[in-house]
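In order, the protein sequences belong to chains A and B.
So that you can map any letter, position 466 of the first sequence is 661 in the numbering used here, and since no number is skipped, the others follow by simple counting.
So that you can map any letter, position 134 of the second sequence is 1396 in the numbering used here, and since no number is skipped, the others follow by simple counting.
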Amino acid sequence: MKTIRKSLAELHTLLVNKEISSVELTGEYLDHISEFEPKIRAFITVTAEKALAQAKKIDQKIAQGESIGPLAGIPMALKDNLCTEEIVTTCASQMLREFIPPYNATVTSRLEAAGAVLAGKLNMDEFAMGSTTESSAFFLTANPWDLSRVPGGSSGGSAASVAAGEVAYSLGSDTGGSIRQPAAFCGVVGLKPTYGVVSRYGLAAFASSLDQVGPLTRTVRDNALVLNAIAGYDVLDSTSVPFNKPDYTQFLENNVKGLKIGVPKEFFEHGLKSEIAELIKQALKTYEQLGAEIEECSLPHMQYALPAYFVISTAECSSNLARYDGVSYGYRAEAEEVIDMCETTRAKAFGPEVKRRMLFGTYALSSGNYEAYYVKAQKVRTLIKQDFAQALAKYHVLLSPTTPTVAYKIGEISEPVACYMGDVYTIPVNLAGLPAISIPAGFVDNMPVGLQLIGNYFAEGLLYRAAYAFEQNTGYYQEIPALLREAD
Amino acid sequence: MSYQDKYEMVCGVETHVELATKTKIFCACTTEFGGEQNTHVCPVCLGLPGALPVLNREVVNLAIKAGLALNCEIAEFTKFDRKNYFYPDLSKNYQTSQYDLPICKNGRLEIEINGESKSIGITRAHMEEDAGKLVHSGESITTSDSSYVDYNRAGVPLLEIVSEPDMRTVDEVIAYLQELVQILDYAGVSDCKMEQGSVRFDVNVSLRPLGSRELGTRTEIKNLNSFAAVRRCLEYETERQAKVLNKGEKVIQETRTWDDSQGVTLSLRTKEEAHDYRYFPEADLVPLKIDPEWVERIRATLPELPAAKRERLKELGLSGYEAGVLTSSKAMADYFDRVMQNYADAKVVANWIMGDLSALLKANNRSFEDCPIKPYQLADMLKLIKKGDISGKIAKTVLEEIYTGGKDPAVIVKEKGLVQIRDQDALEKIIAEVLAQNPKSVADYQGGKEKAFGFLVGQVMKATQGKANPELVNKILKEKLQIAY
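Rendered as structure tokens:
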């Protein structure tokens, strides 16, 4: 097996035993990026020089006999809505095409402190609005399993880069499924943590009350290792929660005996592809054989989740994106008057999906509409939280497909609403602020299928345990895209 | 003809006051006034992507304190909301403010108008962030080719205090504003430096026919930054509205601006053009629970407020006018109290502070906040007068000496030989000489011209360089003049 396809733990051992240096390892990944990028196009920016400089530092540490952390010296990449000091951070928008932040996102700082090697910044839907990465203002990213298909979105570059072996792991952000859906489409592991577990400081906001940063990895153990590094209270984010952060790897036990799994029947509606339903049934059988208890349950208000999500997320985005006006940073259109400048800047530099959502949100917040849309949506949100609370009082985790379909063909989804429907199983989780993980659960039409596990607040450990047991007993994570096999 | 012949004014005021914190409301940047443009800034107050606000707890402390000083209820549960509008001085194009759950509500303050007390309601007071400042390349926004934005002020904490429409005359409005600013000054929640824009007012004003109970259509005039501007603006706007009504036309509900140089209000935008601020909860901050213990902790730090202080001064025997002047600034009132600790004659202390000392400070462009004469020094000087060591007249010189040199009064009196002449024999000798030199005045006085007496006193004082004890001089002079020459 190629070095770059090894797990984080294996790579760490190689580095500590000096079987490979970080500079060599980083070089291998950078070569792989050069080779595959023309086909995948996951990266907006590749930071080869900085990566090698950081790798060199880690090598010095190793040479001096210093102990290094589990992520040290290993290349990774960040979704391009996570701020990186002195490295352009575009949000895949013309608006920020040349924006260089003077500060790091908290997750960037934490990974840097852990010795991680930043290989670059990853493509995404513009300002994280989309489910295919097709709304990127720059270019399309291909799904490594089938280059004619999308990688999902909005963290499409994050999922594709990991699936293509271009980096050992990546970070994405998830507002309505933007980590889990591309993870499912690309056959990798994606976690959306509990709202408040990972700092949002330096994550260019889409919807403040829903956004959460999380890891995309090839294995469940890798995911736990990355969460270890990025989770935890941050004084710079008022919505981050002070809690006793465990070592998430301690939960990785191949044992789900007595685990109560609820299966919400509403998550098997809304155009679920029958082959995917079949795979999920098989997964349930696997869990049963491993000693888990399976029971169907109901989350009666789920049908209202999608509209409520659209009102709340667009309302917040209409305000969050108001700051991009050409006044003090980012793209600026020249005009005689300041209002013209602001209007033209926004008209030219935002793409259609971003505009659509800002218009929707502005409408929903306008006087006369506020009660009917925003307030009503918040009430629905409360009902959805209550549904989950009742279910999770009875079951340890809830299990569902991550998406109703496999990855779409590029250009297949032209209707926005059809695209939004693809997030129907992931969105309710964000409304409730719960953690959820998507793990590979097999293949349909030679495309990966994801299985979603939803846990209670701060129950990431339990999710990891349930996910790990499934992963170890099925081994889907060992499958790699044909593209990579051919290259071997 | 004045508007008051036919109409009654109804006015309410929104006051924006900068809270006296060291750092901004949502970041660690300094709130210091001035400073090179765009140097007191960071990703948070510049509204850079991904930057998040963190509430400065001291802002909440000061807001609670202001609320208590204004007899408000303090909310047990309060939150922030976003007020959305586009303006280049607003880095995020929304202002983080409070909408439906302000930290303070239902307060009041008392004003005194023509010797009568009137209660003005405080609807609410809420916390919010200030915006940056536009710097125009030319004279004004309309005559400039370009403008720059200085974000140093962006994120300075403000408390917006909204009054009920309880004021009926311009004098009442000014009395309300003075009392409000005084209370905020006393409570120490703001430095209240009006010239630096620490306090700004938006006035809402309408007219209605005398005797009517219905409210007329109001206009709002924004961003007035002095009592004088409020007075002139209201005097103009009431007459303007009266003219419109007298013509049988309707006042347009609109936002207006005050042009100080022209002395007129100008339309800014009408109701139809009014902003829809699209308020909604600020999800980047968490709601705030304020428990009663927190409120009590703040209450314990409240100093004596102007109204209570005025009452206390009146009990010391001062007139309402004197009590009013002495409490007009906290620094002056504190100064009075500290002099009183060492010299407890309220009337005398009040006279010196309001008279000579105030004049001296004014002439030197200073205030009681940085008065070079220490309160104990003024008290010591008053003791010297009382003992008869110096006259009131000499004391004026001593006061100036303390002001410029900083030495204690006893030292000055000794060094300069200013001790009063109270030696009867010595004075008799001097007076005899003065009388001998001024036979005409003596004759005038004895011929019934009372004025000549004053002249002779003056001559004695001149001869003693002002050091003669005035009472003794009077007494001896009268005795001598009764003896026929």
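Using N, Cα and C, we set each Cβ at its ideal position, and we do this for glycine too.
Just so it is clear, the structure is predicted and the values come from calculations on it, not from any experiment.
Relative to the alpha-carbon of B:A1641, which residue among B:A1672, B:G1296, B:N1627 and B:D1351 has its alpha-carbon at the smallest distance? Locating residue 1641 of chain B in the second sequence gives position 379, where the first residue counts as 1. For the residues B:A1672, B:G1296, B:N1627 and B:D1351, the minimum Cα distance to B:A1641 belongs to B:A1672.
Between which two residues does the beta strand (DSSP E) carrying A:G409 extend? The residue given as residue 409 of chain A occupies position 214 in the first sequence. A:G409 -> beta strand (DSSP E) spans Q407 to T412.
Please classify A:C512: does DSSP put it in a helix, a strand, or coil? Looking up residue 512 of chain A in the first sequence gives position 317. In the structure shown, A:C512 sits in a helix (DSSP, three-state: H, G or I).
Is the CB of B:N1346 under 8 Å away from at least one CB in chain A? Numbered from its first residue, the second sequence carries residue 1346 of chain B at position 84. Cβ-Cβ to chain A under 8 Å: yes for B:N1346.
In chain B, what lies closer than 8 Å to A:T557 by C-beta? Start at 1 with the first residue of the first sequence, and residue 557 of chain A comes out as number 362. Below the 8 Å Cβ cutoff, chain B contributes R1540 as neighbours of A:T557, in chain order.
Could you pull out every residue in the same chain whose Cβ sits closer than 8 Å to the Cβ of A:I295, ignoring the five residues on either side in sequence? What you label residue 295 of chain A is simply residue 100 of the first sequence in a count that begins at 1. Residues of the same chain with a CB within less than 8 Å of the CB of A:I295, apart from the 5 flanking positions on each side, are E281, I282, V283 and T284 in chain order.
What would DSSP say about B:S1488, mapped onto helix, strand or coil? On the second sequence, residue 1488 of chain B is found 226 positions in, with the first residue counted as 1. Note: B:S1488 maps to coil in three-state DSSP.
Assuming contact is defined by CB atoms lying nearer than 8 Å, are A:A586 and A:C492 in contact in what I supplied? Within the first sequence, numbered from 1, the residue matching residue 586 of chain A stands at position 391. Within the first sequence, numbered from 1, the residue matching residue 492 of chain A stands at position 297. In contact: A:A586 and A:C492 (Cβ atoms closer than 8 Å).
Is there at least one Cβ from chain A nearer than 8 Å to B:L1310's Cβ? The count along the second sequence starts at 1 and reaches residue 1310 of chain B at position 48. Yes - at least one Cβ of chain A is within 8 Å of the one on B:L1310.
Between B:Y1356 and chain A, is any beta-carbon pair separated by less than 8 Å? Position 94 of the second sequence, counted from the first residue, corresponds to residue 1356 of chain B. Residue-level contact check: B:Y1356 touches chain A, since one or more beta carbons of chain A fall below 8 Å from its beta carbon.
Measuring only between beta-carbons, confirm whether A:L366 sits less than 8 Å from chain B. For this step, residue 366 of chain A is matched to residue 171 along the first sequence. It does not; no Cβ of chain B falls within 8 Å.
Determine the direct distance from the alpha carbon of A:G409 to that of A:N449, and round the result to whole angstroms. Position 254 of the first sequence, counted from the first residue, corresponds to residue 449 of chain A. Position 214 of the first sequence, counted from the first residue, corresponds to residue 409 of chain A. Their backbone Cα atoms lie some 23 Å apart in a straight line.
Less than 8 Å separating the beta-carbons of A:N338 and A:F401? Looking up residue 338 of chain A in the first sequence gives position 143. Looking up residue 401 of chain A in the first sequence gives position 206. No.
From A:R413 to B:H1388, what does the alpha carbon distance come to, in whole angstroms? Working through the first sequence from its first residue, we reach residue 413 of chain A at position 218. Working through the second sequence from its first residue, we reach residue 1388 of chain B at position 126. For A:R413 and B:H1388, the distance between alpha carbons rounds to 50 Å.
Let me know the beta strand (DSSP E) ranges lying completely inside the region 430–460 of chain A, each 3 residues or longer, listed in chain order. With a minimum length of 3 residues, the continuous beta strand (DSSP E) runs that stay inside the region 430–460 of chain A are 455–459.
Tell me which residues share the same chain as B:T1481 and place their Cβ nearer than 8 Å to its Cβ, disregarding the 5 neighbours each side in the sequence. On the second sequence, residue 1481 of chain B is found 219 positions in, with the first residue counted as 1. Only N1466, V1467, S1468, E1499, Q1503, V1513, I1514, Q1515, E1516, T1517, R1518 and T1527 meet the Cβ criterion.
Starting from the beta carbon of A:V430, find every residue of chain B whose beta carbon is closer than 8 Å, and list them in chain order. Indexing the first sequence from 1 puts residue 430 of chain A at position 235. Neighbours of A:V430 on chain B, chain order: V1316.
I need the boundaries of the beta strand (DSSP E) containing B:T1385, first residue and last residue. Here residue 1385 of chain B is taken as the residue at index 123 of the second sequence, counted from 1. It spans E1378 to E1391 - the beta strand (DSSP E) in which B:T1385 sits, taken as one unbroken run.
Since B:S1425 is in the beta strand (DSSP E), which residue starts that stretch and which ends it? Along the second sequence, read from residue 1 onward, the residue named residue 1425 of chain B stands at position 163. Where B:S1425 is concerned, the enclosing beta strand (DSSP E) stretches over P1419 to S1425.
Among all the DSSP beta bridges, which residues are the ones paired with B:I1683? Position 421 of the second sequence, counted from the start, is the residue given in the question as residue 1683 of chain B. Beta-bridge pairing links B:I1683 to B:A1730.
Under 8 Å, Cβ to Cβ, is there at least one residue of chain A near B:S1353? Here residue 1353 of chain B corresponds to residue number 91 of the second sequence, with the count starting at 1. Yes, contact with chain A.
Only counting the same chain, and skipping five residues up and downstream in sequence, which positions put a Cβ closer than 6 Å to that of A:R395? What you label residue 395 of chain A is simply residue 200 of the first sequence in a count that begins at 1. For A:R395, same chain residues with a beta-carbon under 6 Å away, outside a window of 5 residues either side, are D406 and D432 in chain order.
The alpha helix (DSSP H) with A:K197 in it runs from where to where? The residue given as residue 197 of chain A occupies position 2 in the first sequence. DSSP places A:K197 outside any alpha helix (DSSP H), giving it a letter other than H or E.
Residues near B:E1457 by beta carbon distance below 6 Å, same chain, minus five either side: In the second sequence, residue 1457 of chain B corresponds to position 195, counting from 1. The beta carbon of B:E1457 lies closer than 6 Å to none in the same chain, with the five residues before and after it left out.
Check the Cβ of A:T434 against every Cβ in chain B and list those closer than 9 Å, keeping chain order. Within the first sequence, numbered from 1, the residue matching residue 434 of chain A stands at position 239. Within 9 Å Cβ-Cβ: L1314, A1545, D1546, L1547 and V1548.
Does the distance from the CB of B:I1635 to the CB of B:I1674 come in under 8 Å? Within the second sequence, residue 1635 of chain B is the residue found at index 373, counting from 1. Within the second sequence, residue 1674 of chain B is the residue found at index 412, counting from 1. Taking C-beta atoms as the reference points, B:I1635 and B:I1674 fail to come closer than 8 Å.
I'd like to know if the region 231–240 of chain A and the region 320–327 of chain A are in contact, where contact means that at least 3 CB-CB pairs between them fall below 8 Å. Using a Cβ-Cβ distance cut-off of 8 Å, the region 231–240 of chain A and the region 320–327 of chain A are not in contact, since fewer than three pairs of beta carbons, one from each stretch, lie closer than that value.
Any beta-carbon of chain A closer than 8 Å to the one on B:E1350? The residue labelled residue 1350 of chain B in the question sits at position 88 within the second sequence. The sequence given here places Pro at residue 1350 of chain B; Glu does not occur at that position. It does; some Cβ of chain A falls within 8 Å.
Which of helix, strand or coil does DSSP assign to B:M1456? As a first step, residue 1456 of chain B must be located in the second sequence, where it is residue number 194. DSSP places B:M1456 within a helical segment (H, G or I) once states are collapsed to three.
Whose C-alpha, out of A:R541, A:T198 and A:V601, is nearest the C-alpha of A:M642? One-based indexing of the first sequence puts residue 642 of chain A at position 447. Put simply, of A:R541, A:T198 and A:V601 the residue whose alpha carbon is nearest the alpha carbon of A:M642 is A:V601.
Please give the ranges of any alpha helix (DSSP H) in the region 541–610 of chain A, keeping only runs that are unbroken, at least 4 residues long and fully inside the region. The region 541–610 of chain A contains these whole alpha helix (DSSP H) runs: 547–560 and 571–589.
Just checking: is the beta-carbon of B:P1364 within a distance shorter than 8 Å of some beta-carbon in chain A? Translated into positions along the second sequence, residue 1364 of chain B becomes position 102. Cβ-Cβ to chain A under 8 Å: no for B:P1364.
If you compare alpha carbons, which of B:D1553, B:R1470 and B:D1392 is closest to B:C1289? As a first step, residue 1289 of chain B must be located in the second sequence, where it is residue number 27. The residue with the shortest Cα to Cα distance from B:C1289 is B:D1392.
Where A:S304 falls: helix, strand or coil (DSSP): Residue 304 of chain A sits at position 109 when you count from the first residue of the first sequence. A:S304 falls in the helix class under three-state DSSP.
Roughly how many angstroms lie between the CA atoms of B:V1557 and B:G1459, to the nearest whole one? Residue numbering aside, residue 1557 of chain B sits at position 295 when the second sequence is read from its first letter. Residue numbering aside, residue 1459 of chain B sits at position 197 when the second sequence is read from its first letter. Going by the C-alpha atoms only, they are around 29 Å apart.
Using a Cβ cut-off of 8 Å (strictly closer), state whether A:L398 contacts chain B. In the first sequence, residue 398 of chain A corresponds to position 203, counting from 1. With respect to chain B, the C-beta atom of A:L398 has a partner C-beta closer than 8 Å.
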